Structure formats: structure tokens, C-alpha cells
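A short worksheet on the structure shown next.
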Amino acid sequence: MKSHQPWRRYLAPAMAALLCAGAVMLPQGAAAQEKVLKVIPHSNLAILDPIWTTQYMARNHGYMIYDTLFGTDEKGQIKPQMVEEWTVSPDNRLWTFKLRKGLEFHDGKPVTGEDVNASLTRWGKRDAMGQKLFTFIDRLDSPAPDTFRIFLREACGIVLESLGKPSSNVPFIMPKRVADTPADKQIEEYIGSGPYVFKRDEFKPGEKAVYTKFAKYVPRKEPPSGTAGGKVVYVDRVEWNLALRDAQGQVNALSKGEVDVLEQPAFESYAALKTDPNVEIVNKNPVGFEYMLRFNFLHPPFNNAKVRQAALAALTQEPFLKAQVGIKEYYRSCASMFGCNTPYGVTKGSDVQVKGSIAKARELLKASGYNNEKIVIMKPTDLAQITKLPDVAAQLLRQAGFNVDLQAMDWNTVVSRRAKKDAPANGGWNIFATSWVVPDIWNPLSNAAVGTAGEKSWFGWPTDEQLEKLRDQFAREIDPAKKKVITEAIHARAFEVGTHAPLGEFINPAAVRKGVITGLVTGPGDFYWNIKKK
Amino acid sequence: MFRFLLKRILSTLPVMLIVAVLVFMMLRLTPGDPAAIIAGDAASPENIAKIRESFGLDRPLVVQFGIWFGNLLTGNLGESYYFKKTVVELIAQRIEPTVALASLTILIAVAVAVPLGVLAAWRMGGWLDRALMGFSVMGFSIPVFVFAYILIYIVSLKLNLLPVQGYKRIGEEGFWEFLRHLILPSITLSVIYIALIARVTRAAVSEVLTEDYIRTARAKGLPEMKVLWRHAFANAAVPIVTVIGIGIALLIGGVVVTESVYGIPGLGRLTVDAVLARDFPTIQGVILLFSFVYVLINLLVDLSYVLLDPRIRY
């Protein structure tokens, strides 16, 4: 009898063919000998130009493939990196730098002074500290291939601090042809002289980024420390897993050994990670991050300094840290706007907040003439690292007598809305919260929040001539001891003005495969040299 | 048939046009500034303004739409603000994981749900029927991510049978690695579709089993399995295929939770990332693609009726 299901006779051969094809397509194990470091970074990598954007992922990408003239060690000291030696003229106006021997870009071309000058020029157009430095610069030149010079119109005290700046925007050195890209456009080539080469053909946005060891990189001889010292690479390849964004999924992947490093686990994940025998928690960034709350100076009530003082008195740090971080050993109160245990970590003038209380805040608010104006606090619902801060702020300010309107929205809306100068009732705002890696805010020039140049300042747009003059003095001062004194004056004035409310510091230690991964570099970021994988 | 096809294809055009206009306007009207998010936290207002200008976002809406629509007519979906790749490239990169996941999910769902639904209808009121109904309630009730975590915990972490996350392309590490990484996500996602398809199959087959021709087939002495499959199922296929088609259409857009939990870089995740970043060209391109896929699936489902029911002719 004829089968009414003729396809059945072909089923077995088809299955056999499929299995054979599958066997043939099995991995051949060619890459089995390569040491591959698999990392889950803290966010997605989309923008590949670390000068064009201040995003931390772009910065981290930059540290993989570029090098810097100077670095910052784990103690916050500036150390030479690409620079071999340098001299300064007696009047401090001519700085001459000589590059180390053997520095080469990934395309085989040597790094020259011309490349450096072009890179610094582009960086100086985007970065706030760079812009300040360039107000002192008359010109740059390169009298020899391995030399570049900075001619200053007048002496200033921020040359090395700017060139060794560890965080966004970092003055990475690129080939001249790349650095000549206008500063308002993104670069199209990703060639550096750093310890890794970016595998552009394997880059899949939202999926993975791949870096391979640059065999011709010449590391310094000193041990690694922060962004300074020897950047020796012990793995062949680094893969950033950009697809796995789920916190529990990340923990599972690390536990099972499918990834090696989880850069910044969610705070809720540490309880599970700490009890996992396959995982080790490593605090590689002891300087950590700082939270802050920013006021909008343009509109009532925070256009009134006394109201800002009342708010500062209410916004004591412990409740924020407890709610947002939760793990006692991972946070600490810090009375300094410039970070604690940092080169400029002063605390003068912070009593209004440090010794603040709800009762004190009520008193100050009553005396300020506050007219019950509504305060719009923007709460980002999709940024786990800061989402709870606005809730705590709303609670504390209400207790102090403020009329608070807490508005929930996604982070993109917060970022868009904070750029608006409209009144809060018309789509503007009064308060938003954010966090910074401490090196971004650890000196009066890099700290965007203490800039008080009005409309040209960071969101919030405070105006205070005195503070701006002090910041200018800081930039001009060469003597480190005097710079510290000026910093104290800046700090005190910033608290007096109420530029923002620092909300304390926290760390977000990495989690790595125990017994497999060693050598994480301690410093103000996420660095992938010096790491060994068993 | 040809006229039917032509009519359906032509009717797609106004649908796509309406979708294009709607999605363009909705994006421009929702709060959020792609330039601000791209510039980063410490960016100055001037930098943000320059970025906005480079994207053409400072131009009048009508001009922006005209440029985008004009490009669309030539197949150019624009360039992602965020990823600096063309939208076509991004979709091409991300479509494989989603199609693979969706295909395996539907395959599992149909392979499990249809026989179960038929058997449940055959033994209506029995233990199989009750078990299936209970399972389908569970399938609808348990959120996808909860089921995903349970599966990962048992199968990956405790039994160490399958990977926790990730997607391997066939060309990269072979077919078996590709399949291994898809098994758990597909099972996770298929649960709700098994529940849905099984219920519809059960209902459709149970209705057909009361027909006269079924009684006749049995009276003629045909084996019961032949009655079930050749006569009952074949005549109940139209609503079953309809719900499978709806399921496929929903899957394409509904894989985002599964892709997030398992770290699969598919279209679902691309859409979410693009929305959060206000990456207008990518959002517009992906939504147009989804709309086109929905329309195409509806057309294929309608065409399948011709194969399933000889009484249907277009």
C-alpha cells in the first residue's frame, strides 16, 4: 500500500545529514590556545570617540587602545607615561617634553610630537579642563619627531594635571590624521598606541567589543598604578560582552565561569556574589564615586541662596547612602566636594551640611522667605545606581518644609530636561541627582559643579563672580601648597553659594572568577592590563 | 489569486505610510534628547547643541520628515545616532538571533502544543485534558523572566547542562554551540505559546469532533488516529494556523525580555536600547520592519487557508 506520508522515508537520511553537518561545523579548537579575558562592562559601548563624549564606556574603550602623556597613580599623583622626560623654563612658560623611545601606533607608524599636538588641540576644544588650559597656551610645536613643546602666554599651574587627567575627557593621543577630525565630529578610525588593538571588524554594537594584545606596545618598567606605570598585557584577547545587561544574568554567567570579570555588579547582587565560592570581590577603585544633588539657580526657590542653605542642612548624606547603596562597607559620608583622601580633599565650609538636621533646615527655610514654591525633583527610573536618591531627597526636603513634586521619568528624559532653562512648571526642573567617578570632581577645575559662570556653567547655571575668580587663581597658581589654600577658599565659597549638595561616596567593587583572575589594577577606572588568567 | 496577491501587496503601502508618519511624529513629540544622552554627563550646552545640529534635529519637523522619507524610498533607513552604523547594518546584525530564537520557539511550541491540544480534545474531561488546561493557565500566568530564571537555575547552574547566557552564530562556533545557546531561551519563550496554541487547538478540534463526517469516518472503521489527524485536525487547522501566525507576529516584537535575560543581541534588545537612547533612525527603522513582518505574516496566513481548506479560493 502506498504511504500517504512519503516524507517519512526521507526522515532518517535527513537527520543523519543534519548530524553530519553539525559535526563538521563543530568548532575546530583553533582558538583554544588563546587566553581570552571575558568581561561584562558596566554599560553598553556605543560611542567610540572618547574626546567627543564624556561617557565612561568611551573612556574605558579609550584606555584600551590609546595611551596618555601622563597618568595618575592610585595615590592621585601625576606620573609620566608616554613622556620620557620634560623641562620647564624658569618663567614656567615653556614646557618641553620628550617622548619615550619605541612608541608606535597600531598601524606601525611612530608616535611623534605632531600627533601629540593635534591630539591635545582636539581634546582642548571639548574638555572643560582642557579648554581652561588652552586659555593659557599661546602655541604648540614639535621641533623634533620625539619632542613637543607648549608655549604659555602666562604661567599656570595646571599643565601636568590636565595632561594626566584620568577621567573624561582623557587627553588620549591619536595619529594626527585622526586627531585633525573637527572636534564637533566623531572620529572614524580607531588607531592608538595603547596596549590593545581594537578589532573593528568584530565589533558589534550592543553585542560585543573585542581587543587583541598589541605585541609592539612598550610598557613602562614601573609597576602599574592607576593610569600610570607599566601596562603589561598577559592575555591575548579581551572580549566585552555588551549584550548581557540583566543583573541576575550577569551574576549567573560569572558564577558559571562563562565570563571572567563583572565590572560593576548591581548592589543587590553582592549578597549572592559574596557567598559564591567561585567568585572573588575585588575593590579596584577605592577612591570610588560621589553622589550629588544639583540645584537649578535660574528659578525659585533655589535662585535664593538662603533657600539653598536650608536645603543643604536637610540633605545629610547617610540616608542617601543607606537607601541607595545599602552595604555599609561600600559607602562613606564625605564632607568634601572634591572627594575624600584625594589631592584636594578639603572640607572647609561644609558644616552647613555635615552638622545639618531637619530642625536646622526648618529654621533656615523659615528665615529664607521661602514662599512654598513647588520643587520639581527628577527621578530616573531606569538608572539603578542613582534611582533611589531623589526619593530620599524628596522625603528629607518635605520634612524640612519644602513643597516637593517628585517626577519619575527615564534617564534620557532627565538628561534632556536638565538642559532646559524653562521654569519647572513649563518642563524645566529644580533638582536632579547624579554620580561621578571621584577623579572627575577631585579638583576645582575638573569639578563641573563648582563652575559658576552663569549660562556657560554646567546644568543648574549658578553665577558667582568670587568663585570664578578663585577657580581662575587656582589655575594660575604653581605652588602646590598655595593651590591647596585656594582650594579651601573655593570649597568654602561653593558651600556658601550652595552650588550643589555632595551626597557621599561609594565604591562598586568588581567581581571576578576566584583563582582564575588576578592582577586587577587599582585606580580610578576599569583597566584591563596587568590581568592574568589561569 | 494573482489579483488577491496584488491587492494585498498594494494595500500594504498605505499601512506602511501611516506607520512611518505615526512613529516619526510620536518620537519627536515624546520627551528626550538624543544629543544630550550621547554627549555625556559633563558635556557643555554648546557641545550638545552642536551634536543636535549634526543630527539635523534643529531643522523643522517637516524638513526632517521629508529627508527621512525621501531616504526611505531609496531603501536608506538612515544612520543610528548612537551606534554610528547604518540602521540597515544594525538590523542585519541583530536579525539573525531574533529569527533564530523565534523560529526555534515556534517550532517547539507547535511540535508540543498541537499534539497535546489534539489529544486533550480527543480525551476531553480526562486527566490529560485537565493537566493541559492547568498547564496553560500556568503558562499564561508565570512571567517569562521568572520561568527563565527557574530554568537557568536548574538546568544551567545546578545540572550544568546548558549555558546561562549568550548567543553563538552558526558561522562562529558551529551548529551545536548555536543550538546549545538557543535551547533554554526557546523553551522559556515557548511556554506561553504552547499554552495559547494548545488551548486553541483543543477548542477547534473538540468542535470538529462533533461533526457528522467524523461520526461517518468512525462508522467506516477508520483507525482513531487517522480520524483525529486526517479528518479532525485537518478541518480544525484554519483557526490553529491563524493563532500560530499571530504568535509568530507577536514573537518578533515580544522577545525582548528573553533576549535581556539570556543576553541575546537581537532586535528586541536593539529596540529597547534605541528607545532608551532616543535613537530615532533605529527606532523608526525597526518599527517599520516589524510592521512589514506583521503584514507579511498575515498575508501568508491568509494564503495558507487555500492549502488547508479547498473551499477557500481568492
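Here the protein sequences come in this chain order: A and B. Residues -15 to 518 in our numbering are what the first sequence spells out, letter by letter. Residues 9 to 322 in our numbering are what the second sequence spells out, letter by letter. Beta carbons are placed, not taken as given, at the ideal position from N, Cα and C, and that holds for glycine. Computed from a predicted structure; not experimentally measured.
- Residue burial annotation: A:E252 is exposed, with fewer than 16 other C-beta atoms found within 10 angstroms of its C-beta.
- When Cβ-Cβ separations below 9 Å define contact, A:M393 makes contact with chain B.
- A residue is called buried once 16 or more other Cβ atoms fall within 10 Å of its Cβ, and A:K160 is buried on that count.
- The beta-carbon of B:K228 is placed no less than 9 Å from the nearest beta-carbon of chain A.
- Exclusion of the five residues before and after A:A319 leaves T331, S334 and V338 as the residues of its chain whose Cβ lies within less than 6 Å of its Cβ.
- For A:V421, there is no enclosing alpha helix (DSSP H); the residue is part of the beta strand (DSSP E) that begins and ends at I415 to V421.
- Proximity of chain B to A:K188 at the Cβ level (cut-off 8 Å) is accounted for by Q101 and P273, in chain order.
- Rounded to the nearest angstrom, the gap between the Cα atoms of B:I59 and B:V246 is 53 Å.
- Assignment of A:T80 by DSSP, reduced to helix, strand and coil, places it in the strand class.
- Close to chain B, meaning a Cβ-Cβ distance shorter than 9 Å, are the following residues of the stretch 222 to 234 of chain A: N225, L226, A227, L228, R229, D230, Q232, G233 and Q234.
- For the stretch 107 to 147 of chain B, there is no continuous beta strand (DSSP E) assignment of 3+ residues that stays within its boundaries.
- Around the beta carbon of B:E87, a 10 Å sphere encloses 16 or more other beta carbons of the protein chains shown; the residue is thus reported as buried.
- The Cβ-Cβ distance between B:A240 and B:L316 does not fall below 9 Å.
- Taking C-beta atoms under 8 Å as the contact rule, B:I160 and A:N236 qualify, at a distance of about 6 Å.
- For A:V202, the closest alpha carbon among the candidates A:V219, A:G214, A:P408 and A:P493 is that of A:G214.
- Annotation: B:N79 is outside any beta strand (DSSP E); the continuous alpha helix (DSSP H) that includes it extends over L69 to L81.
- Interface annotation, B:V23: not in contact with chain A, CB-CB separation never under 9 Å.
- For A:N236, the enclosing alpha helix (DSSP H) begins and ends at A231 to S239.
- A:N28 reaches chain B at D281, counting residues in chain order whose Cβ is nearer than 7 Å.
- Look at A:N236: its C-beta is under 9 Å from a C-beta on chain B.
- A buried status is given to A:P189, since no fewer than 16 other beta-carbon atoms sit within 10 Å of its beta-carbon.
- Residue-level contact check: A:G97 does not touch chain B, since none of the beta carbons of chain B fall below 9 Å from its beta carbon.
- Burial state of A:I462 is exposed, judged by a 10 Å Cβ sphere holding fewer than 16 other Cβ atoms.
- Pairing A:R221 with B:D287, the inter-Cα distance amounts to about 31 Å.
- At a cut-off of 9 Å between C-beta atoms, A:S152 counts as an interface residue with respect to chain B.
- When rounded, the separation of the alpha-carbon atoms in A:A167 and B:N55 is 9 Å.
- For a Cβ distance threshold of 7 Å, residue set S164, L165 and V172 of chain B lies close to A:K240, ordered along the chain.
- If you draw a 10 Å sphere on the C-beta of B:F148, you find fewer than 16 other C-beta atoms in it, and that means exposed.
- Between the beta-carbon of A:L53 and that of A:H45 there is about 19 Å, and that puts the pair past the 8 Å contact cut.
- Only residues of its own chain outside the window of five on either side were considered, and among them Y201 have a CB closer than 6 Å to the CB of B:G255, listed in chain order.
- Contacts with chain A at 9 Å (Cβ-Cβ) do not include B:V95.
- In this structure, DSSP gives A:T371 a state outside helix and strand, which the three-state scheme calls coil.
- In the DSSP annotation of this structure, the continuous segment of the alpha helix (DSSP H) that includes A:E98 starts and ends at G97 to R110.
- For the stretch 32 to 55 of chain B, the set of residues with a beta-carbon nearer than 9 Å to any beta-carbon of chain A comprises T38, P39, G40, D41, P42, A43, A44, I45, I46, A47, G48, D49, A50, A51, S52, P53, E54 and N55, in chain order.
- In the displayed model, B:P42 falls within a helix according to three-state DSSP.
- The C-alpha of A:I171 is placed about 29 Å away from the C-alpha of B:E180.
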